[in-house]
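First to last, the protein sequences are chains A and B. Under the numbering used here, the first residue of the first sequence carries the number 997, and numbering increases by one thereafter. Under the numbering used here, the first residue of the second sequence carries the number 997, and numbering increases by one thereafter.
2 protein chains.
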Amino acid sequence: MSAERATYRHGDLRQALVEAGIALAREGGPDAVVLREATRRAGVSPNAAYRHFADRADLVAAVSDSSQSLAAAAIEAELAAVPSAPGIERAEARLRAVGIGYLRFARDEPGLFRTAFSVPTDLDRAFSPERSGPGGGTPFGLLAGVLDELTASGALPAERRPAAEMLAWSAVHGFAMLVLEGPLRGLDPDMATAVGRRVVEMAIRGI
Amino acid sequence: MSAERATYRHGDLRQALVEAGIALAREGGPDAVVLREATRRAGVSPNAAYRHFADRADLVAAVSDSSQSLAAAAIEAELAAVPSAPGIERAEARLRAVGIGYLRFARDEPGLFRTAFSVPTDLDRAFSPERSGPGGGTPFGLLAGVLDELTASGALPAERRPAAEMLAWSAVHGFAMLVLEGPLRGLDPDMATAVGRRVVEMAIRGI
DNA sequence: GACGGGCGTGGACAGTGTACACATCCGCTC
DNA sequence: GAGCGGATGTGTACACTGTCCACGCCCGTC
């Protein structure tokens, strides 16, 4: 309904603020999303933001949402590159692609990555595997979709699925966090990529 | 050398500030460690902190260090409860204990947990398995020690050790982060504990 | 007993998030 | 078409933060 809200005086200030926020997050993570700076970049007074966001946290949440969409897009690109192959093999390749894409995004856009996952997300939203359409997906929805394929093909017993989902998710996310802002920070990026691939392989074996 | 620095006017202000910082971190994570509030609690003027820390980040780093020690203590407690058993079984039980202890600390002290791992750590320090003595260990050093046992007993081939270490670490840390400040935030604690155990089991299987 | 240097104080400044009161302009109703 | 109401943006203000600077104090040392 009325997606044509649009422009009043400024022309969709909300979107402009989110975009400024993304630029800030890109170079400094969630803490760099400074409300006043975002309004400055949008060419507007600080308080104007309060017509569109309850407070700074609300703005950051919106930026986080957009970042999740960007991450999902990166993963979808990786998925699209998976060659077709007979059933199970392909499903496993797709699972691998999700992990690799996730880590690739973390490496290429550390600021956005940290912002995307520094905020509690609506679980129903994040988990739902459908929600297609560009920019609409979330990384966890994509993982769920791939796991659906695996269970459907019988490669993953249904009763083990929940734990498998947690493991896959935890392993990849944990590795990314350790490298980005944890004790492993500063690990050489190529090295990190290589180790990341091994973590993905082992997680798949664990599943 | 000269650990007897101690007291000038205040009686080891540095330590007092770290303790105030820990209290703050406990209830609000790293962002809650605000320098002025710490000095306030220590009954001292804001600038006094600058005689002991270069800046706020330096104070947070010190608090993070202490938090890591507390985490290590929690894990050691868990390790101490592992019953003796024949070689390999015991080693595996110890591995499990490290994972459980790590997650337990994350659940019981979320603020300290996040503070402990929100800061880049000196890798050499964090990794070294020796560094015994109460308050001196780190969670990752303890994990390394247990893995040493596993390789020594032949249960874990030496060449697979590095990746195994990464997987164990990533899975457990990742799960904790997802629950504490990621999309899984708000998951029921008991539920989280149960799922956490399964993640630990699967990670062990993956190793 | 003087004194120099570690330790803490006081005051100040820029920058932040946010509340309150006000100005402006669009779209709707008559 | 006139006019009004409510959404949108502005200005001012306040409390709070991290950090800089100049100063005062008190201890151990010569």
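C-beta atoms are modelled at their ideal positions from N, C-alpha and C, and glycine is treated no differently.
Counted within 10 angstroms of its Cβ, other Cβ atoms place A:Pro-1185 as buried (16 or more) or exposed: exposed
Contact check, A:Gly-1202 vs B:Gly-1107, beta carbons under 8 Å: no
C-beta atoms of A:Ile-1096 and A:Glu-1074 nearer than 8 Å: yes
Candidates A:Phe-1049, A:Glu-1023, A:Ala-1028 and A:Asp-1144, of which the one nearest A:Arg-1211 by Cα: Outside the shown range of chain A, which is 997 to 1203, sits residue 1211 of chain A, and nothing can be said about it.
Partners in chain B for A:Ser-1166, counting only beta-carbon separations shorter than 7 Å: Ala-1167, Gly-1170, Phe-1171, Leu-1174 and Val-1195
Helix, strand or coil at B:Phe-1113 according to DSSP, with G and I counted as helix: coil
Residue of A:Arg-1032, A:Met-1162, A:Ala-1087 and A:Val-1191 minimising C-alpha distance to B:Ala-1199: A:Met-1162
Rounded distance between the beta-carbons of B:Val-1195 and B:Ala-1167, thought under 8 Å: 6 Å
Rounded straight-line distance, which links the Cα of B:Val-1029 to that of B:Ala-1151: 43 Å
Burial state of B:Met-1173 (16 or more Cβ within 10 Å): buried
Whole runs of the alpha helix (DSSP H) within the region 1059 to 1113 of chain A, excluding any shorter than 4 residues: 1083 to 1104 and 1106 to 1112
Neighbourhood of B:Ser-1062 by C-beta distance below 7 Å, restricted to the same chain and skipping five residues each side: Val-1014 and Ile-1018
Beta-carbon proximity list for A:Gly-1192, same chain, < 7 Å, skipping 5 on both sides: Leu-1099 and Phe-1171
Short CB-CB distance (under 8 Å) between B:Met-1198 and chain A: yes
Which of helix, strand or coil DSSP assigns to B:Asp-1054: helix
Check whether A:Leu-1146 and A:Leu-1180 have beta carbons under 8 Å apart: no
Expected contact under 8 Å - CB spacing of B:Ala-1102 and B:Leu-1176 to nearest Å: 6 Å
Cβ-Cβ distance between A:Thr-1111 and A:Ala-1021 below 8 Å: yes
Same chain only: Cβ atoms within 7 Å of A:Gln-1064, ignoring 5 sequence neighbours per side: Ala-1112, Thr-1134 and Pro-1135
Same chain only: Cβ atoms within 6 Å of A:Asp-1027, ignoring 5 sequence neighbours per side: none
Contacts that B:Leu-1143 makes with chain A (C-beta to C-beta distance below 8 Å): By Cβ distance, chain A contributes nothing, its closest Cβ being about 14 Å from B:Leu-1143, past 8 Å.
Run of the alpha helix (DSSP H) containing A:Leu-1139, from where it starts to where it stops: 1135 to 1148
Under 8 Å between C-beta atoms of B:Ala-1164 and B:Leu-1139: yes
Continuous alpha helix (DSSP H) stretch holding A:Ala-1167: start and end: 1157 to 1176
Contacts of A:Val-1030 in chain B (Cβ-Cβ under 7 Å): Residues of chain B passing the Cβ test: none, with the nearest at roughly 14 Å.
Distance between A:Phe-1109 and A:Gly-1024 (C-alpha atoms, nearest Å): 11 Å
Neighbourhood of B:Gly-1083 by C-beta distance below 7 Å, restricted to the same chain and skipping five residues each side: Ser-1149
Cβ-based burial, A:Glu-1085 [other Cβ within 10 Å; buried from 16]: exposed
Given A:Gly-1039 as reference, the closest of A:Asp-1008, A:Ala-1069 and A:Val-1056 once Cα atoms are compared: A:Asp-1008
Alpha-carbon to alpha-carbon, B:Ala-1016 and B:Glu-1088: 38 Å
Backbone CA spacing between A:Pro-1230 and B:Arg-1052 [nearest angstrom]: Lying outside 997 to 1203, the shown extent of chain A, residue 1230 of chain A is not represented and no answer is given.
Closest by C-alpha distance to B:Ser-1114, when choosing among B:His-1169, B:Tyr-1046 and B:Leu-1031: B:His-1169
Beta-carbon proximity check, A:Val-1078 vs A:Ala-1093, cutoff 8 Å: yes
The alpha helix (DSSP H) enclosing A:Val-1014, as first and last residue numbers: 1009 to 1024
Under 9 Å from the C-beta of A:Ser-1114: neighbouring residues of chain B: Glu-1177 and Gly-1178
Backbone CA spacing between A:Ala-1012 and B:Ser-1041 [nearest angstrom]: 42 Å
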